[in-house]
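Per my numbering, the sequence shown starts with residue -4, numbered consecutively.
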Amino acid sequence: MQSAQTGNDVRVERLIEWLRDAHAMEAQAETMLNKQAARIENYPELKARIEQHIVETQNQARLIESCLQRYDKSYSGIKDLGGKMMAMGQAMGGMMVSDEIVKGAQMGYVFENLEIASYTILIAAAEALGDTQTQQICERILQEEIAMAEWMRQHLPQITQAYLTRAVTPDVEAKR
Ligand code: MG
Ligand code: FE
């Protein structure tokens, strides 16, 4: 069997590729969450939880960068920024709907679960390669994504009902 550290090991290539995907995903998450938090006016609990997760997300991006830099010292995340544009488009699309707050929370829950799947894959790959640093970092990030997904799932009913209550109240804005 080949050494895990040789440059032409396809498993290392995949791990690096998946780390880059994760980095792009976090950049996209940051853009999306910033946009959401900035627009929320009437749902302070959701806004506060999103703001907490923005700080976590920025730190996650730095942690993934550190994993990539251990394989490639010259790594810079510049090439991973395509997702930022996509995220901007998604966030703007959400503004057009009158149930923006509900759709945003729904999308947020879906996105956290995408992140959970991505880090579960990265943990397995890092473990297979004996890269314990990457494995531990991804395990730590995974816990934050699980906590955020769980918070969203638990609060979706409350957000939905608060939205509906506001929607039927005259002169009260419900959408954000
Ligand atoms: Mg994340
Ligand atoms: Fe997340």
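We put the CB at the ideal spot given by N, CA and C, even for glycine. Here the structure is a predicted model, which means the values were calculated and not measured.
Under 7 Å from any heavy atom of the ligand MG, does the C-beta of A24 make it? For the ligand MG, at least one heavy atom lies less than 7 Å from the Cβ of A24.
Answer yes or no: the CB of Q55 versus the heavy atoms of the ligand MN, is any distance below 7 Å? What this structure holds is the ligand MG and the ligand FE, not the ligand MN.
Does the structure place the region 31 to 42 close enough to the region 140 to 155 that three or more beta carbon pairs sit under 8 Å? Touching, yes.
When E145, I111, I118, G99 are compared against Q131, the one with the closest alpha-carbon: For Q131, the nearest C-alpha among the options comes from I118.
So, using beta-carbon positions, are T52 and L28 closer together than 8 Å? In this structure, T52 lies near L28, with their beta-carbon atoms less than 8 Å apart.
Environment of K68 [buried if 16+ CB atoms lie within 10 Å]: Its Cβ having fewer than 16 others within 10 Å, K68 is exposed.
Which residue from Q64, I96, P165, K170 puts its Cα closest to that of I45? Of the candidates Q64, I96, P165, K170, the residue whose Cα lies closest to the Cα of I45 is I96.
Residue from E122, I141, N108, R135 with nearest C-alpha to N54: With distances taken between Cα atoms, N54 lies closest to R135.
Taking DSSP as the reference, what is the three-state secondary structure of K170? Correct three-state label for K170: coil.
Could you check which residue in Q101, R161, L137 has the C-alpha nearest to that of E21? For the residues Q101, R161, L137, the minimum Cα distance to E21 belongs to L137.
State the Cα-Cα distance for the pair S35 and G72, rounded to the nearest angstrom. It is Ile, not Ser, that sits at residue 35 in the sequence shown. Distance between the alpha carbons of I35 and G72: 29 Å.
For S(-2), which residues from the same chain have a beta carbon less than 6 Å from its beta carbon, with the 5 sequence-adjacent residues on both sides left out? The predicted model places S(-2) with a pLDDT of 49, which falls under 50 and marks its position as unreliable, so this point remains unresolved.
Using a threshold of 8 Å, state whether the C-beta atoms of L63 and I11 are closer than that. In this structure, I11 lies closer than 8 Å to L63 by Cβ.
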